[in-house]
Amino acid sequence: MPTEEDIRAYDQRKSALEQDYAGKFVVFHGGQLVGAYDDFDSAGKAALHFGDSPSLIRRVGESIPRYNSISTVHSQ
Amino acid sequence: MASVDCGHRTFDLLILKGPALEVIINNQQSSNPVNRQLDSILDTGSEWNLIEDTLAVAVLYLPVIDWQVIRTATGSARRPVYMAQITIPQLTYSKLHRFIGVNLGSDLAIVGREMLADFRLVYSGRTGSVTLEY
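Protein chains in written order, with the numbering used here: chain A, -18 to 57; chain B, 51 to 184.
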């Protein structure tokens, strides 16, 4: 899972990231920004370059996710 | 444009079960690779993709790439966000996507609007037919 170091690095740069990369998917590894990508698939591929070592992938400026899934009332 | 049938024989089965599709989930982990067929439900009511959390942890060994606080009908909770390669063979579609781990009550994934953005979805409630096109 993403390290506290990566989450802390994201939080410290949050304002600058929101200014420069709003809507992009960013990858952090080892406390460093690896890159910003237009879609999750590209960001995920960048993270896979580090093998099984954990990375943080987050969409910049994303609001709190909400789900009201039909699955929650789906009968089996 | 390729298409796959996600509907049911009758309209009432579609109401009961929702649009469903078999997908292949790959965890992309070199140390413990897992490739598994999984039932999924197409859910335009969900912004994100979701996956049964116990399945993601104990069977698929999906890597956690973030944590998010999510809002549900019952309140807020901090949940893991997993990464997985999702493949739909009939559509020759294969991409990395993220899934929030939640308790869905059975081993399945929910394909939400984030992934549905790649497709055209044709829903015929009167006949029970649903088609996903890519």
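No residue lacks a Cβ here, since even glycine has one placed at the ideal position from N, Cα and C.
| Item | Value |
| --- | --- |
| Classify E(-14)(A) as helix, strand or coil using the three-state DSSP reduction. | helix |
| Can you give me the start and stop residues for the alpha helix (DSSP H) that F21(A) sits inside? | F21 to L29 |
| Using only the alpha-carbon positions, how far apart do H55(A) and D19(A) sit? | Confidence in H55(A) is poor, its pLDDT being 42 and thus under 50, which makes the residue's placement unreliable; the coordinate value appears in the next sentence. Their backbone Cα atoms lie some 34 Å apart in a straight line. |
| What is the rounded straight-line gap between the Cα of Q57(A) and the Cα of R39(A)? | Confidence at Q57(A) is low in this model, with a pLDDT of 38, below 50, so its placement is unreliable and no value can be given for it. |
| Tell me which residues share the same chain as I91(B) and place their Cβ nearer than 6 Å to its Cβ, disregarding the 5 neighbours each side in the sequence. | G68, A70 and I160 |
| Give the secondary structure of R192(B) by DSSP, where H, G and I count as helix, E and B as strand, and everything else as coil. | Residue coverage of chain B in this structure runs from 51 to 184, which leaves residue 192(B) outside it and unanswerable. |
| Would you list, in sequence order, the uninterrupted beta strand (DSSP E) runs of no fewer than 3 residues that lie entirely inside the region 94 to 167 of chain B? | 99 to 102, 114 to 122, 125 to 138, 143 to 152 and 158 to 161 |
| Going by the beta-carbon positions, is the gap between I101(B) and I65(B) smaller than 9 Å? | no |
| So F21(A) and L146(B) are supposed to be a Cβ contact under 8 Å. How far apart are they, rounded? | 6 Å |
| For the alpha helix (DSSP H) containing S(-4)(A), name the first residue and the last one. | K(-5) to D1 |
| For a quick check, are the C-beta atoms of G25(A) and M133(B) less than 9 Å apart? | yes |
| To the nearest angstrom, report how far apart V172(B) and R163(B) are at their CA atoms. | 14 Å |
| Taking 8 Å as the limit between beta carbons, can you name the residues of its chain near E97(B), skipping five residues before and five after? | G162, R163 and E164 |
| So who's on the other strand from S34(A), going by DSSP bridges? | Answer is none; S34(A) lacks a bridge partner. |
| Count the other C-beta atoms from every protein chain shown that fall within 10 angstroms of the C-beta of R128(B), then say buried if there are 16 or more, exposed otherwise. | exposed |
| Please classify A27(A): is it buried, with 16 or more other beta-carbons within 10 angstroms of its beta-carbon, or exposed? | buried |
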